[in-house]
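J.: Next up is a structure, given as structure tokens.
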Amino acid sequence: MRFAALFSGGKDSAYALWCALHQGFDIAFLVTVVPEAPDSYMFHYPNVEWTKLQAEALGLPIKLVKVKGGKEGEVESLKERLKGLGGFEGLVSGAIASEYQKRRLDALCEELGLVGYAPLWGKDPEALLREEVEAGFEIIITACMARGLTESWLGRRIDKTSLPELAGLCRKYGVHPTFEGGEAETFVLDCPIFKKRISILEREVRWSGESGYLIIKRAKLVDKALSR
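Residue numbers (my numbering): 155 to 382.
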């Protein structure tokens, strides 16, 4: 059985892919959803175009599919796009705790006759974040949309040094530790299944009020041995 993997470029979709590959799943290709609305209910948005570089680092094909519509329309739009792809019988997702997201993905898989696989579902969020860091995922924060996550967090790595501080902020301000509610967004620069890592050459920070984004302007793949 071949699987497609929903892939936003963030830590959880990348870790779900790693779990699937670790379990011996045959991944046909990645699917990056590009929402028409920047405040999408279902799908990540910042720096989504750079998933093509991540796919190159992974050595996997990738398909970018555009979806439109509001709260309900995005899933229906995705269903129509997936229908036209073919070549897979299952779908990997990085859903963790959002019942809204999980119900809609489950319904989508049922309607299309796909086997759904969500390896992160129900995991303790703080433990999951530690797992990702300890597995060797190099993660940066690319959007901050919640109290406690100031501009200084944009571009900062989530690693063994910053993890306790981040966990403390999440507890203090009631932020989901894996940002399941869209409180922040992340981007994976490297992980064990990347053949090369991503080096950001140019970035831009856009901050307004109490929220903002880090936009990747230029980036390239570099050999891991030469990039540390």
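Beta carbons are placed, not taken as given, at the ideal position from N, Cα and C, and that holds for glycine.
What residues in its chain sit with their C-beta under 6 Å from that of A297, if we drop five residues either side in the sequence?
T.: Cβ within range, chain order: P200, A338, E339 and Y367.
J.: Taking 8 Å as the cut-off, decide whether the C-beta atoms of E159 and V185 are in contact.
T.: Note on residue identity: the sequence assigns Ala, not Glu, to residue 159. Taking 8 Å as the Cβ cut-off, A159 and V185 qualify as a contacting pair.
J.: Spatial neighbours of K378 within its chain, please: CB distance less than 6 Å, with the 5 preceding and 5 following residues excluded, ordered by chain position.
T.: Answer for K378: R351, listed in chain order.
J.: What does DSSP give as the partner residue(s) for G270 in the beta ladder?
T.: Paired residue(s): L245.
J.: So what's G363 in DSSP terms, helix, strand or just coil?
T.: Reduced to three states, the DSSP call for G363 is coil.
J.: Per DSSP, what are the beta-bridge partners of R310 in this structure?
T.: Note: R310 sits in no beta bridge, so no partner.
J.: Which two residues bound the contiguous alpha helix (DSSP H) that contains L317?
T.: Unbroken alpha helix (DSSP H) run through L317: L317 to Y327.
J.: Distance check for G328 and R301, CA to CA, integer angstroms please.
T.: R301 and G328: Cα-Cα distance of roughly 9 Å.
J.: Around the Cβ of R325, are there at least 16 other Cβ atoms within 10 angstroms (buried) or fewer (exposed)?
T.: Flag for R325 reads exposed.
J.: Touching or not, the segment 255 to 265 and the segment 303 to 310, by the rule of three or more beta carbon pairs under 8 Å?
T.: Segments in contact, no.
J.: Whole angstroms is fine: what's the gap from K237's alpha carbon to G322's?
T.: Computed Cα separation, rounded: 43 Å.
J.: Enumerate in chain order the residues of its own chain whose CB-to-CB distance from G290 is below 7 Å, with the five nearest sequence positions on each side excluded.
T.: So the list reads C345 and P346, once near-sequence residues are dropped.
J.: So what does DSSP say about L184, is it helix, strand or coil?
T.: L184 falls in the strand class under three-state DSSP.
J.: If I follow the unbroken beta strand (DSSP E) through V342, where does it start and stop?
T.: Where V342 is concerned, the enclosing beta strand (DSSP E) stretches over A338 to D344.
J.: Based on DSSP bridge pairs, tell me the residues matched to K206.
T.: None; K206 has no bridge partner.
J.: Does the Cβ-Cβ distance between I181 and A174 come in under 8 Å?
T.: For I181 and A174, yes; Cβs fall inside 8 Å.
J.: Measure the Cβ-Cβ separation of A168 and V342 and say whether it is below 8 Å.
T.: Yes. Within cutoff.
J.: Is it the case that the Cβ atoms of M155 and G244 are separated by a distance below 8 Å?
T.: Yes; because the gap between Cβ atoms is below 8 Å, this pair is in contact.
J.: Please name the residue or residues paired with I370 in a DSSP beta bridge.
T.: Answer is R357.
J.: Could you spell out where the alpha helix (DSSP H) holding R301 opens and where it closes?
T.: Counting along the chain, R301 falls outside any alpha helix (DSSP H), and DSSP gives it neither H nor E.
J.: Using DSSP with H/G/I as helix, E/B as strand and the rest coil, what is A158?
T.: DSSP places A158 in strand when its eight states are reduced to three.
J.: CB-CB under 6 Å to W172, same chain, minus the five flanking residues each way: which ones, in chain order?
T.: The answer, listed in chain order, is I347.
J.: What three-state label does DSSP hand L214 in the structure shown?
T.: Residue state, collapsed to three classes: coil.
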